[in-house]
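Have a look at the structure below, then the notes.
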Amino acid sequence: MQSQLVGCLRPQATIRTHLATDRHARLAFAHLNCLRSVWQGRSSSRAQPATLFCSAAGSSPSKAATAPTGSKGARSGQLDLIIGPMFAGKTSSLLRKVQQLEAQGLAVAVIKSAKDTRYHASRLTTHDGQSRECFAASSLADFKKHRSAEYDASEAIAIDEAQFFPDLLEFCLEAAEQDNKLVVIAGLDGDFRRKRFGQVLDLVPLVDSVTKLKANCAFCNQQALFSLRIAADQRQEVVGGADKYAPVCRHHFSEFERLRSEQYADAVVG
């Protein structure tokens with residue numbers, strides 16, 4: 001396959017004639033040369049960054065584009081996103097990631113939403129009882145304001161209950177792209193109506209990785225994709241655990257929504 005592609009890109013006499021008279025053809029051919037260089041693996045064999053951009057004046061490549069290094073060292077920023085319904089293990093996964101990063105010698109700052117008071121006001125706690133100290137904030141700007149020294153010293157930041165932070169997108173981009181930090185974000189990708197929740201989904205096109213976790217349906221053995229609210233409250237933000245929510249599969253979510261619609265219709269008629 002490689003030899004076929006390189007052969008297709010090799011200029012013939014007719015192509016050379018065309019290149020001599022057509023500037024657009026020269027530009028296109030310059031880009032083909034770049035693609036051929038990358039395909040042949042010259043950058044990896046010589047331990048040099050791949051040439052991705054070429055001069056518009058001809059086939060000579062411009063200075064090779066290099067991976068961002070940032071002002072604080074060779075490591076560049078990174079965004080990793082963990083999403084899923086309630087009881088899918090998002091916080092557990094986040095804590096495991098924190099432990100892995102700390103085992104590598106990185107300084108990690110852990111943040112959760114101050115709205116999450118289910119288990120402890122200042123500890124990040126999973127449904128099965130794992131916990132660690134964290135900073136509880138109403139906004140991520142609060143963390144930078146009140147823990148500026150910790151922010152500056154941190155190489156990685158872990159954020160739980162991300163859907164509650166109004167400045168999630170701005171903070172994560174600044175931390176990763178300006179301050180070269182590794183940011184791990186865990187949160188709900190949808191609310192109890194399966195609608196977008198906060199700014200979590202806005203991060204999807206910007207992150208390095210997305211991990212979609214699933215729970216077990218509370219009513220069958222299928223994988224649970226959605227969070228079903230079993231409480232009557234219809235506000236989007238209602239903090240709770242198993243007393244207010246249940247993880248459900250697509251079938252049971254649809255069934256419960258149908259029953260709710262029927263009950264609502266009966267109440268209106270009645």
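Anchor point for the sequence shown: position 215 equals 215 in UniProt numbering, and the numbering is continuous, going up by one each time.
Here a beta-carbon is modelled for each residue, glycine too, at the ideal position from N, C-alpha and C.
What is the rounded straight-line gap between the Cα of residue i and the Cα of residue j?
| i | j | result |
| --- | --- | --- |
| Val248 | Cys217 | 4 Å |
| Pro166 | Glu255 | 33 Å |
| Asn221 | Leu213 | 16 Å |
| Ala246 | Val204 | 25 Å |
| Lys144 | Leu169 | 15 Å |
| Glu257 | Thr211 | 27 Å |
| Lys115 | Leu259 | 30 Å |
| Asp128 | Thr91 | 10 Å |
| Ala103 | Gln178 | 25 Å |
| residue 325 | Ser76 | Because the chain here runs from 1 to 270, residue 325 falls outside it and cannot be looked at. |
| Thr125 | Gly187 | 14 Å |
| Gln223 | Phe197 | 21 Å |
| Ala137 | Arg193 | 26 Å |
| Gln100 | Ala107 | 11 Å |
| Val238 | Arg229 | 9 Å |
| Glu174 | Lys97 | 21 Å |
| Phe253 | Gln234 | 16 Å |
| Lys195 | Glu133 | 31 Å |
| Asp142 | Ser148 | 9 Å |
| Phe135 | Ile111 | 5 Å |
| Gly105 | Leu206 | 26 Å |
| Ser60 | Val183 | In this prediction, Ser60 has a pLDDT of 38, which is less than 50 and means its spatial position is unreliable; nothing more can be read from the coordinates. |
| Leu225 | His251 | 10 Å |
| Asn180 | Ser93 | 22 Å |
| Leu95 | Gln263 | 41 Å |
| Phe219 | Asp152 | 46 Å |
From what residue to what residue does the alpha helix (DSSP H) around residue i run?
| i | result |
| --- | --- |
| Asp96 | Sequence check: residue 96 is Arg here, not Asp. Lys90 to Ala103 is the span of the alpha helix (DSSP H), which, as asked, contains Arg96. |
| Leu144 | For the record, residue 144 in the displayed sequence is Lys; it is not Leu. Start and end: Leu140 to His146. |
Taking CB distances under 7 Å as the criterion, tell me whether residue i reaches chain B.
| i | result |
| --- | --- |
| Ala137 | Within the model displayed, chain B is absent; a lone protein chain is all it includes. |
Are the CB atoms of residue j and residue i within a distance shorter than 7 Å?
| i | j | result |
| --- | --- | --- |
| Asp208 | Gln78 | yes |
| Phe87 | Ala176 | no |
| Pro85 | Ser261 | no |
| Arg123 | Ser113 | no |
Ordered along the chain, which non-local residues of its own chain (more than five positions away) have a Cβ less than 6 Å from that of residue i?
| i | result |
| --- | --- |
| Phe171 | Leu140 |
| Gln236 | Asp191 |
| Ala109 | Glu150, Ser154 and Ile157 |
| Ile185 | Leu81, Ile159 and Ala162 |
| Val200 | Ala162, Gln163, Gly187 and Asp189 |
| Ile83 | Asp189 and Lys212 |
Would you give the residue range spanned by the beta strand (DSSP E) that residue i belongs to?
| i | result |
| --- | --- |
| Phe226 | Phe226 to Arg229 |
| Thr126 | Where Thr126 is concerned, there is no enclosing beta strand (DSSP E), given that its DSSP letter is neither H nor E. |
| Val210 | Ser209 to Lys212 |
| Gly77 | From DSSP, Gly77 is part of no beta strand (DSSP E); its letter is neither H nor E. |
| Val238 | That residue, Val238, is in no beta strand (DSSP E); it is neither H nor E in DSSP. |
| Phe135 | Phe135 to Ala137 |
| Lys112 | Val108 to Ser113 |
| Pro247 | Tyr245 to Val248 |
Leaving out the 5 sequence neighbours to the left and right, which residues in its chain are closer than 7 Å to residue i when beta-carbon positions are compared?
| i | result |
| --- | --- |
| Ala232 | none |
| Gly89 | Leu213 |
| Asp202 | Leu169 |
Please return the same chain residues whose Cβ sits closer than 8 Å to the Cβ of residue i, not counting the five positions on each side in sequence.
| i | result |
| --- | --- |
| Lys63 | With a pLDDT of 35 at Lys63, under the threshold of 50, the modelled position of that residue is not reliable, and the figure given next carries that caveat. So the list is empty, once near-sequence residues are dropped. |
* Only counting runs of 3 or more residues, tell me where the beta strand (DSSP E) segments fall wholly within the segment 158–204, in order along the chain. => 182–188
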